[in-house]
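In my numbering, the protein residues as written are 190 to 314.
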């Protein structure tokens, strides 16, 4: 059995000024964040999609084929929404129609349960 004590570990990191608590949020020092990102970048320097985590918008959205969102409300336009999606599950989709600038050409499965959708899109597509 593993004998980990996360509270003690977190307290030690706070004492060393590597973590701090702001309200109900646990914040990490920027140098620790950068070190973690560099470790993950080294997992696959040339192919971001093969890394265990992605931080840059471009790296994460370019190759996404499956996307699940639950009660997420996005702001702005959808022109940069993933174009290679084949499966989109967006429970609680907040709009009354699908934006005309969202790319659905490759979509095979669309699950918009519990959404506010009244019509699929406005105008012609």
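We put the CB at the ideal spot given by N, CA and C, even for glycine.
Given a cut-off of 9 Å on the beta-carbon distance, is the pair residue 281 and residue 260 in contact?
Yes, the Cβ-Cβ distance between residue 281 and residue 260 is below 9 Å.
Cα separation between residue 197 and residue 232?
If you take the alpha carbons of residue 197 and residue 232, they lie about 29 Å apart.
Run the CB neighbour count on residue 243, radius 10 Å, all protein chains shown included, and call it buried at 16 or more, exposed below.
It counts as buried.
Below 7 Å CB to CB, which residues in the same chain sit around residue 226 once its five sequence neighbours on both sides are set aside?
Here the set comprises 244.
Here's a check: name, in chain order, each residue in its chain whose Cβ is nearer than 6 Å to the Cβ of residue 299, leaving out the five neighbours to either side.
Around residue 299: 277.
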